[in-house]
Every structure is written in structure tokens, then in C-alpha cells.
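Single-structure report; data block below.
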Amino acid sequence: MQFIDLVTQKNRIRENLMQRIESIIDGGQYVMGPEMVEVEKRLADYVGTRHCLSCSSGTDALLIPLMAKGISPGDAVLTTPFTFVATAEVISLAGATPVFVDVLPGTFNIDPDKVGAAVAEARSKGLNPKALIPVDLFGLPAEYDRLEQVAAEHGLWILEDAAQGFGGTVGGRKAGSFGLVGATSFFPAKPLGCYGDGGAIFTDDDELVELMRSVRVHGGGEDRYNNVRIGLNGRFDTIQAAVILEKLTIFDEELDLRQKAADAYSARLKGRVEVPEVPEGYTSCWAQYSVLAASTDDRAKLMAALKEAGIPSAIYYPIPLHLQKAYENLGYKPGDFPITEDFSARVFALPMHPYLKEDEIEQICGVILGA
Ligand SMILES: Cc1ncc(COP(=O)(O)O)c(C=O)c1O
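Read left to right, the sequence shown gives residues 1273 to 1643 (this note's numbering).
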């Protein structure tokens, strides 16, 4: 059994995609070609923002806005310790200091009520709190109503990390559109993934988009050899844009299939493990279907039983960011973020993709319920 099945999907889009790829190869515009322009328009329409800039990865999609906004040494950027390392890494790459905020017990996402204390903590360390990066973990958008309020109170701007959230919604509004700017990843395993690395940035801000456009390609000014700021190589490959264009044609249908798989899991597993919570008015794109075992030992037992039955499972994330060696210098210690630490000790993810069959879900649930 596959943890993520990309083969069935590939078979659905292969014919049209191959035609597009052939025409790109013949056309010769391999980087930032016409398909990139087309995909940016389609993605902006899909998310509902004025602008979309595609780029080289989800990591660069987070880094580019930070650079464009001038985030630099002495600044603090708040985020959650329960995420993939890239969310915090970009803060460090910009020269600023990550300040962590624990997550909510229910949803795995950052707790808006704890932002104020983190702002005060940053100030007490002599840092200038500038921005907040909520993460739409496992596909569920963070609590943007409350986060936008809290951020405004503390003078922070929001960068939405929608790397896992693309396709999720709050009150019908799409992930990627929250805060000042949103970032997503097209890593192949993501719900909307390409066949290599890629990402995209979304904003309604006309000035910011031009700054980010410049940062994306080496801080270019009027032409490519006129460099007006420090930037990077954040360009998107044309063939990857074609992959996204083809996958977008079946994306909403795939989101429905993921929802059906999640519903089937939750109905069967509720009571044996803690199943993911989706608050009223929210939808998840189910980048992962993660559950909580009763304890670390219980998780080990369940994962061993799955492995024995030939079923893959994975832990996202076994070590919270504040306890990673790379972040030793920040001075955090065990116990600083109890909810995150508890989740890291008990969480594990089950196979999740649109083409998961009912009998496969039945088999997976049977193993967990029988262990
Ligand atoms: C929450 C989160 N942020 C950022 C990233 C970085 O995206 P990429 O791998 O495309 O650079 C990922 C990718 O796994 C992610 O899950």
C-alpha cells in the first residue's frame, strides 16, 4: 500500500501533460515561460487574490515575502514550533529570530491567545516583533479571524504558511488568501504538487507584489543586470507550471475524494485514537490525516501493527522545532510548549490521497482497532 499514490493521478493527466511538455520543449522557454504566466493567473483566480507569483519552492515562497518586507537582524517573527522546519528556517535565513507560540489543543494550529505573551517575550529580549507566520498544518487553515485581530493589536503582519493548506477554506475563503501574504508549496507530495520543486505566493498588495517579483529574480530593477536589492534565484520552471495547470483541472474533485477518505477514517477510528478536529465553517485539504494515540507506547504499538500488515505510516513531527539542535541557540527547553510536545509524542499519520480505496481504509482501520 502507498502512503501517497501519485500513479493513479499521473495516469489521469498524462496525455494532456505530455502534449504540454512537448510544446514547452519545442518552444524553448524552459524557465518562467508562458505556462508560468498562465498558471499564476489561474492560481490567483482560484485562491481569490489580486496577485500570484509562482516560485522555486515553498521555502522560497516564505522567504521572498520576508526579504521583500525587509525582515532583518533584530526583528522577531512569531510562529509555531509544531511545523516543518522550513517555516522557522526562513526567519533565520532573513537574519531575524523565530519566537515560538504553542498550538491549540484541538487543531494542531497556532493558539491566537498565546501570541500576546510571545510578543512581550520578544520585546523583553530586545527584539522588534514584526510578523506572524501561522501554519495551516496537515491541511487545516489556522484561526485567521482571531489571528488577524491579535496581529493588528500587536502591529504584526501575517504571512500564511499554506504549504500544506492549499485547497482548505474558512467560511468559503481559500487558504493562501489570509493575512498580508500567503505562501504554498508544490512539492510532489502536497495535495497540489508538481513533478519537482515549486511554490507560489499570494497577495492583494500591489506594491508588495512588485518588491517580491524583484526579490524572486536576484533583486532585479529595470532589467536583469540592474540589481536594486538583494534577492535570490526563486524562478519557477515552465514544465512544472504545466504540471500544476493539468493538476488544477482535477483538484476540486480530488479534494472531495480526500474529504470522503478522511470522513471514513474518522467514523471508524473515533474512540480508539483522537481523530483530527475540523471546526465549524472550516474545510481541510487533508494534506495529512494525522491522529493522536493514547501515549508514545500506544503509538509505537499501532505503527508496528500497521508495518506488520504492510501499511505505511509516518510521524509529523517527532521533534518540535524549539527542541531541534539547529535551534539550540534560542535557549528553549523541554516543557516550554507543552501542547506541541505532547502532540510530538503521540501523533502519527495514515495513508492519505484521493485514490485510497474503501477496502484499503477498512483494512487500515481494522489493524488499528485490532491492535
Ligand atoms: C508547513 C510547511 N512549510 C514549508 C514547507 C516548505 O516547502 P518546500 O518543501 O516546497 O520548500 C513545507 C514543505 O514540506 C511545509 O510542510
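Ideal Cβ positions, reconstructed from N, Cα and C, are used throughout, including at glycine. Source: prediction; values computed, not measured.
*Would you list the one or two residues that DSSP bridges to valine 1375?*
Partner residues in the beta bridge of valine 1375, as assigned by DSSP, are Ile1382.
Alanine 1423 to glutamine 1436, Cα distance in whole Å? Approximately 22 angstroms, taken between the alpha carbons.
### Spatially closest choice to phenylalanine 1270 from Tyr1589, Lys1597, Ala1643, Ile1633, by CA coordinates
With the chain represented from 1273 up to 1643, any question about residue 1270 goes unanswered, as that position is not in the structure.
Legend entry - Three or more C-beta pairs below 8 angstroms linking the segment 1324–1339 and the segment 1562–1576: The segment 1324–1339 is not in contact with the segment 1562–1576.
Alpha-carbon to alpha-carbon, glycine 1440 and proline 1460: The straight-line gap from Cα to Cα measures roughly 18 angstroms.
Taking the alpha-carbon of threonine 1612 as reference, which of Tyr1599, Pro1623, Pro1353, Arg1395 has the nearest alpha-carbon? Considering only Tyr1599, Pro1623, Pro1353, Arg1395, the residue with the shortest C-alpha distance to threonine 1612 is Pro1353.
Span separating the alpha-carbon of tyrosine 1599 from that of leucine 1593:
Rounded to whole angstroms, tyrosine 1599 to leucine 1593 spans 7 angstroms at the Cα level.
**Report entry** Continuous alpha helix (DSSP H) stretch holding serine 1645: start and end
**Finding:** The structure shown does not extend to residue 1645, since the chain spans only 1273 to 1643, so no value can be given for it.
- Task: Leaving aside the five residues before and after aspartate 1383 along the sequence, list all residues of the same chain whose C-beta is less than 7 angstroms from its C-beta, in chain order.
- Result: Closer than 7 angstroms at Cβ, skipping near neighbours: Val1373, Asp1374, Val1375, Leu1376.
Determine which residues share a DSSP beta bridge with tyrosine 1554 and list them.
DSSP links tyrosine 1554 through a beta bridge to Val1442.
At least 3 beta-carbon pairs within less than 8 angstroms: the segment 1387–1404 vs the segment 1337–1351:
Judged by Cβ distances under 8 angstroms, the segment 1387–1404 makes contact with the segment 1337–1351, as three or more pairs qualify.
Residue range of the alpha helix (DSSP H) that includes phenylalanine 1615 = Bounds of the alpha helix (DSSP H) holding phenylalanine 1615 are 1610–1618.
**OP:** Would you kindly check if the distance between the Cβ of leucine 1431 and the Cβ of glycine 1451 is under 8 angstroms?
**Re:** Using a Cβ distance threshold of 8 angstroms, glycine 1451 and leucine 1431 count as a contacting pair.
Simplified DSSP state of lysine 1402, which is helix, strand or coil = It is a strand residue.
* To do: Name the two residues that bound the continuous alpha helix (DSSP H) containing cysteine 1637.
  => Taken as a continuous stretch (DSSP letters only), the alpha helix (DSSP H) holding cysteine 1637 covers 1630–1642.
(Q) Taking 8 angstroms as the threshold (C-beta atoms), are glycine 1305 and threonine 1521 in contact? (A) No, these two residues do not count as a Cβ contact at 8 angstroms.
Worksheet item: Does ligand 1 have a heavy atom nearer than 7 angstroms to the CB of leucine 1564?
Response: Between ligand 1 and leucine 1564, a heavy atom-to-CB distance of less than 7 angstroms is absent.
Three-pair Cβ contact test at 8 angstroms for the segment 1276–1296 versus the segment 1480–1491
When C-beta atoms of the segment 1276–1296 are compared with those of the segment 1480–1491, fewer than three pairs fall below 8 angstroms, so the two segments do not count as touching.
Could you spell out the range, first to last residue, of the beta strand (DSSP E) harbouring alanine 1434? It is not in any beta strand (DSSP E) - alanine 1434 carries neither H nor E in the DSSP assignment.
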